[in-house]
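Student: Residue numbers (UniProt numbering): 1 to 239.
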Ligand code: UDP
């Protein structure tokens, strides 16, 4: 069996990844797809943490623009990520994958609270941990949660799934067909050019803590496995 290049990864999936572009906020087919993709790398002996977004259900900033209190709206967004986490947990467990959903906002009846040492113990035991409720703080995003948790659990890399975009481009490739795709880009260049990797707070955190990021298209089956096995996929963002 091929030797994985990474032993512990953090996969960031946006809420939209689960929606799959259809009418539903959570598409069962997408859940099934991601559960399968995650299981593939788990079978290689790789430890997998997943941070889920919530934008398919609620995104803080949209309601703020319509007058809602900002913190209130952000808390709603964090709760949305818990709904997504439970959905992914179900899809993984139906495949026989052991999981733990852990939340940054306590919700004892449905998931464990996020406790760093417990999280790493689950990983060591081969359980997929699904980290929900972002950082637990309003005004942040789940990109920041991904960066923070990756640092805490010593994940070797963050895999940033970008639906339908296979890396970091010099401009939006859907609007500018001659936009250039980067194989590699430094944190500093991505920040100064305002390129879409993750939000700037999260990206700065990754830079300060030297956490490499791979931006890739998760909708090409096997991409997560390819990355884990050391193939160059998407764009590597590092120092
Ligand atoms: N959110 C927050 N603090 C966090 C993480 C998320 O307040 O630490 C809120 C924020 O309003 C955000 C929403 O939850 O818009 C959903 O998360 P995000 O937009 O990151 O989801 P994604 O775009 O990845 O689906």
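Yeah, the Cβ is synthetic: ideal placement off N, Cα and C, and Gly gets one too. For clarity, every value in this text was computed on a predicted model and none was experimentally measured.
Cβ-heavy atom distance between residue 204 and the ligand UDP below 7 angstroms?
Tutor: False, no ligand heavy atom lies under 7 angstroms from that Cβ.
Student: Less than 7 angstroms separating the Cβ of residue 143 from some heavy atom of the ligand UDP?
Tutor: Checking the Cβ of residue 143 against the ligand UDP gives yes.
Student: So what does DSSP say about residue 113, is it helix, strand or coil?
Tutor: Residue 113 falls in the strand class under three-state DSSP.
Student: Applying the 10 Å Cβ sphere with the 16-neighbour rule, what's the burial state of residue 115?
Tutor: It counts as exposed.
Student: May I ask you to list the residues that DSSP assigns as paired with residue 132?
Tutor: Partner(s): 103.
Student: Specify the secondary structure class of residue 176 as computed by DSSP and reduced to three states.
Tutor: Three-state result, residue 176: coil.
Student: Comparing the CB of residue 281 with every heavy atom of the ligand UDP, is any distance shorter than 7 angstroms?
Tutor: Residue 281 is absent from the model: the chain starts at 1 and stops at 239.
Student: Compute the minimum distance between the beta carbon of residue 116 and the heavy atoms of the ligand UDP, and state whether it is under 7 angstroms.
Tutor: Not so, every heavy atom of the ligand UDP lies at least 7 angstroms from the Cβ.
Student: Assuming contact is defined by CB atoms lying nearer than 8 angstroms, are residue 247 and residue 41 in contact in what I supplied?
Tutor: Here the chain comprises residues numbered 1 to 239, so residue 247 is not present and cannot be evaluated.
Student: Tell me the rounded alpha-carbon separation between residue 10 and residue 160.
Tutor: The straight-line gap from Cα to Cα measures roughly 9 angstroms.
Student: Given a cut-off of 8 angstroms on the beta-carbon distance, is the pair residue 135 and residue 148 in contact?
Tutor: Taking 8 angstroms as the Cβ cut-off, residue 135 and residue 148 qualify as a contacting pair.
Student: Taking 7 angstroms as the cut-off, is the CB of residue 182 close to at least one heavy atom of the ligand UDP?
Tutor: Incorrect: residue 182 has no Cβ contact closer than 7 angstroms to the ligand UDP.
Student: Can you determine whether any heavy atom of the ligand UDP sits closer than 7 angstroms to the C-beta of residue 152, and answer yes or no?
Tutor: The answer is no for residue 152.
Student: Given 8 angstroms as the limit, is there contact between the segment 171-184 and the segment 139-158, that is, 3 or more CB pairs closer than that?
Tutor: Judged by Cβ distances under 8 angstroms, the segment 171-184 makes no contact with the segment 139-158, as fewer than three pairs qualify.
Student: Measuring straight from C-alpha to C-alpha, what distance separates residue 128 and residue 79?
Tutor: Those two C-alpha atoms are separated by around 20 angstroms.
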